[in-house]
Amino acid sequence: MAPAMVLGTTHSPMGIRILDYFCNRRGLIFITGFNPLFSTRIQYPVLKMGINASEDGQSTSLYLEKESKEGQLIGFEENGRIVSEKEGEGKDKKLKAESDFNGLELLEDDLSWEVQSAKDYMDRSKEFDRQDSGPPRWFTPIECGRPMKDSPVFLFLPGIGGTGLGLMRHHQALGRIFDVRCMHIPIYDRTPFEGLVKFVEDTVRLEHALSPDRPIYLLGDSFGGCLALAVASRNPAIDLVLILSNPATSFGKSQLQPLLPLIEAVPAGPHSAIPHFLSTIRGDLVKMAMVDVAEGLSLPDMVAQLSDGLVALLLRLSVALSKIISKGTLVWKLKLLKSASSYANSRLHAVKAEVLVLASGKDQILPSMEEAERLRNTLPNCNVRFFKDSGHVILLEDGINLLTIIKGAQVYRRSRIRDFVSDFLPPTLSEFKRIYDQQNGWFRQAVNAVMLSTMKDGTIVRGLAGIPDEGPVLFVGYHMLLGLELYSLIGAILREKKILVRGLGHPLLFTKFSESYFIDPPFDTIRNFGAVPVSPSNLFKLLSRKAHVLMYPGGVREALHRKGEEYKLFWPERLEFVRMAAKFGATIVPFGVVGEDDIIEQLVVDYNDLMSFPPARDWIKLQDTKIIRLRTDLTGEVANQDVHLPGLLPKIPGRFYYLFGTPIETREKKDEFRDKEEAHKLYLYLKSEVENIMSYLRKKREEDPYRSLLPRALYQATWGFTKEVPTFEL
1365 MAPAMVLGTT HSPMGIRILD YFCNRRGLIF ITGFNPLFST RIQYPVLKMG
1415 INASEDGQST SLYLEKESKE GQLIGFEENG RIVSEKEGEG KDKKLKAESD
1465 FNGLELLEDD LSWEVQSAKD YMDRSKEFDR QDSGPPRWFT PIECGRPMKD
1515 SPVFLFLPGI GGTGLGLMRH HQALGRIFDV RCMHIPIYDR TPFEGLVKFV
1565 EDTVRLEHAL SPDRPIYLLG DSFGGCLALA VASRNPAIDL VLILSNPATS
1615 FGKSQLQPLL PLIEAVPAGP HSAIPHFLST IRGDLVKMAM VDVAEGLSLP
1665 DMVAQLSDGL VALLLRLSVA LSKIISKGTL VWKLKLLKSA SSYANSRLHA
1715 VKAEVLVLAS GKDQILPSME EAERLRNTLP NCNVRFFKDS GHVILLEDGI
1765 NLLTIIKGAQ VYRRSRIRDF VSDFLPPTLS EFKRIYDQQN GWFRQAVNAV
1815 MLSTMKDGTI VRGLAGIPDE GPVLFVGYHM LLGLELYSLI GAILREKKIL
1865 VRGLGHPLLF TKFSESYFID PPFDTIRNFG AVPVSPSNLF KLLSRKAHVL
1915 MYPGGVREAL HRKGEEYKLF WPERLEFVRM AAKFGATIVP FGVVGEDDII
1965 EQLVVDYNDL MSFPPARDWI KLQDTKIIRL RTDLTGEVAN QDVHLPGLLP
2015 KIPGRFYYLF GTPIETREKK DEFRDKEEAH KLYLYLKSEV ENIMSYLRKK
2065 REEDPYRSLL PRALYQATWG FTKEVPTFEL
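Position 533 of the sequence shown, counted from 1, bears residue number 1897 in the working numbering, the numbering being contiguous throughout.
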């Protein structure tokens, strides 16, 4: 079918916004009467586009010429994405609904996405640096693709440059789950800050009227952060989620502030020194250039490629800034920054929205780290993520995955109430690779986990063949000190079985309290890989979706055990998960894990030691009043759920050993396990099985010639690090 088109024949900002909005909703092309580059759904070089305008600019004609080598243009999808014949055959991958996700085989291969770099940003910005005086407008990059059904609207509010391309490295990832729209402020536009606020506000209110139960996301980059806060302060009743990247609310403390009177004093015209100055403080150029460095290169080749990239980036940046930074433009933008900062700061008290601040430690323009702390202490619902090695333009730097940050910080949801089950987005392949092969690769190599499982006939085998492929499955086992067995367990099942295990975790892991004492919150990874707060309702939801669920009956008491309590279970006398599992016919798999003294570190100060020291005791009691307490109806040692940080000393890592016991089917005994006593008998049997498994592993590890780190290191040095290290005979 031929694509429908709408031609804008007026410069009226309101008329343009109305046309643009309805085109967005219906997948149409909207071409304004003054610049075809800002069409809502078309971007070079997919089509050759031309526009003929009358001298007064009030009328236009348009021509399109097919240029795609992949296939002829056949139409548009629901949100206006261009579809070729090749894609029309069904080869274009779509994001599946959450209920269909069940492991690695269904994760979208984002490793094949085209990586956009700062050089690409400069090259594409040239098309936006024309003699265009406005008004501001929205556009949707075509690489965002088609989002999931009922995806929230995601509005990107740019920095003072105004191109709207600052999110380009994240278009493909965010386009899977959001309806992305980027704001463009032409370089010669002179709309005052209040006018820009009104422009964004109109869109926010219109979207809210159409979908009042769906959140609206505003990502404000630097200057855009002030814009987002201003809109939020004026619309406290609208469900907004703000993501602020180095917000310019601290402009009063910026080194740009003293520039304003200096620039006003110099003669008019381009200033060659200014672009060079701005290029040095714009961001971490090395990290931006690293985006173009290929993986797997030797050190000399990597250095050479990085050097070439830096030179190219500096040249592009200098040329771009020299073209667009005239005295009038620069003075206007600095004054705009000043008014934006003042406006936003004067209304912070009215901001009720959920806020996530991204703060860089090497921001040479703004004191972003200090500002993030100020906002966290000022705003009622604000979390912070620090990036100590990043510069001001963090969204263009290598190693920054905005989608991962959003998921880990728990700010993604599709309705007013966050549902940890239905709002969950599985990790992508690159996230899995980064977490398990890069960030925690050293840990995986150090513990070199031995994975064993039990077949239905009771035979113990190497690997995870004994784990059922089809859910629902409930894993029930022992919690090591600090839960360090989780990384190897979840990673191994995901790698070998293509199954993502959903863990039931303490509610502390999902609260703002858990992030207050960490520069880099350690729980983002756990949340990114499917953990949910432990509760009967969440267990019900997961089992009903036929998920593989991980449960620790010993909870916090087991994960924070005392000296001499290694491999001791702290299970309640009764627990009702058996009846819940039987209701859905789930398979229950008991498992155990042992390590070198239960951990790679020596426990030197435990709970008893801390409670004998009055200041530490008072601190523990104070913190426990701030968190959700579990098992308040129980008595005895298992009811001791006090959260504390034990004292540890490093030691030589030992090997971890996992054994998954014989799967226990409940499908055929649903009626039998409805009886509380019969379910309790199975509960006691599971506890004894876990104890027997750990006894077996502690005995068999004595026969492992590669139990210690040195023999394993020598073996891998001889045979290669990719070769599996042998273990004891079964």
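The C-beta atom is built at its ideal place from N, Cα and C for all residues, glycine as well.
Between which two residues does the beta strand (DSSP E) harbouring residue i extend?
| i | result |
| --- | --- |
| T1742 | Looking at the DSSP string, T1742 is not in any beta strand (DSSP E); the run it does join, the alpha helix (DSSP H), is 1732 to 1742. |
| T1818 | 1814 to 1818 |
| A1714 | No beta strand (DSSP E) contains A1714, which DSSP labels as neither H nor E. |
| I1984 | Here I1984 belongs to no beta strand (DSSP E); instead the alpha helix (DSSP H) covers 1978 to 1988. |
| R1866 | 1865 to 1869 |
| F1839 | 1837 to 1841 |
Classify residue i as helix, strand or coil using the three-state DSSP reduction.
| i | result |
| --- | --- |
| F1751 | strand |
| Y1581 | strand |
| H2152 | Outside the shown range of the chain, which is 1365 to 2094, sits residue 2152, and nothing can be said about it. |
| W1935 | coil |
| H1925 | coil |
| E1571 | helix |
| H1548 | strand |
| E1795 | helix |
| V1957 | strand |
| I1824 | strand |
| F1904 | helix |
| P2075 | helix |
| D1543 | strand |
| G1559 | helix |
| V1920 | helix |
| A1723 | strand |
| T1693 | helix |
Report the rounded CA-to-CA distance for residue i versus residue j, giving the unit in angstroms.
| i | j | result |
| --- | --- | --- |
| L2050 | H2044 | 10 Å |
| L1800 | R1777 | The sequence given here has Tyr at residue 1800, not Leu. So the two alpha carbons sit approximately 26 Å from each other. |
| I1952 | V1865 | 13 Å |
| P1832 | D1514 | 33 Å |
| G1454 | V1785 | A caution first: G1454 carries a pLDDT of 37, below 50, which makes its placement in the model too unreliable to give a value. |
| L1593 | G1525 | 19 Å |
| Y2022 | R2062 | 11 Å |
| F1518 | K1862 | 31 Å |
| I1602 | A1773 | 21 Å |
| A1714 | S1706 | 14 Å |
| L1906 | V1942 | 14 Å |
| V1958 | E1940 | 26 Å |
| S1899 | S1618 | 47 Å |
| P1954 | P1516 | 40 Å |
| G1589 | L1846 | 37 Å |
| E2093 | G2025 | 18 Å |
| Y1842 | F1520 | 45 Å |
| I1984 | G1869 | 20 Å |
| I1506 | P1522 | 18 Å |
| P2017 | L2073 | 6 Å |
| L1730 | L1933 | 51 Å |
| K1927 | E2088 | 33 Å |
| N1610 | Y1851 | 32 Å |
| F1750 | I1758 | 11 Å |
| L1720 | V1775 | 8 Å |
Residue range of the alpha helix (DSSP H) that residue i falls in?
| i | result |
| --- | --- |
| L1538 | 1535 to 1538 |
| F1941 | 1941 to 1947 |
| V1595 | 1587 to 1598 |
Under a CB-based cut-off of 9 Å, is residue i close to chain B?
| i | result |
| --- | --- |
| A1723 | Considering every chain present, this structure includes no chain B. It has just one protein chain. |
Fill in: Inter-stretch contact at 8 Å, needing at least 3 Cβ pairs: the region 1726 to 1735 / the region 1752 to 1768
yes
Worksheet item: Can at least three beta-carbon pairs, one atom from the region 1735 to 1745 and one from the region 1758 to 1765, be found at a separation below 8 Å?
Response: no
Discussion item. Taking contact to mean 3 or more Cβ pairs, one atom from each stretch, closer than 8 Å, check whether the region 1970 to 1981 and the region 2008 to 2016 are in contact.
Written reply: yes
Practice prompt. Determine contact between the region 1824 to 1838 and the region 1919 to 1930, defined as no fewer than three beta-carbon pairs at a distance below 8 Å.
Written response: no
Worksheet item: Can you list, in chain order, the stretches of the alpha helix (DSSP H) that have 4 or more residues and sit fully within the region 2008 to 2067?
Response: 2034 to 2037, 2040 to 2064
Worksheet item: For the 8 Å Cβ check, are there 3 or more pairs between the region 1912 to 1920 and the region 1831 to 1845?
Response: yes
Practice prompt. Mind the definition here: the region 1573 to 1593 touches the region 1522 to 1539 only if three or more C-beta pairs lie below 8 Å; say whether that holds.
Written response: yes
Worksheet item: Between the region 1563 to 1582 and the region 1696 to 1716, are three or more C-beta pairs nearer than 8 Å?
Response: no
Worksheet item: Using 8 Å as the Cβ pair cut-off and three pairs as the minimum, do the region 1536 to 1546 and the region 1499 to 1515 touch?
Response: yes
Item to complete: Note down, one range per segment and in chain order, each beta strand (DSSP E) of at least 3 residues found wholly within the region 1500 to 1529.
Response: 1501 to 1503, 1517 to 1521
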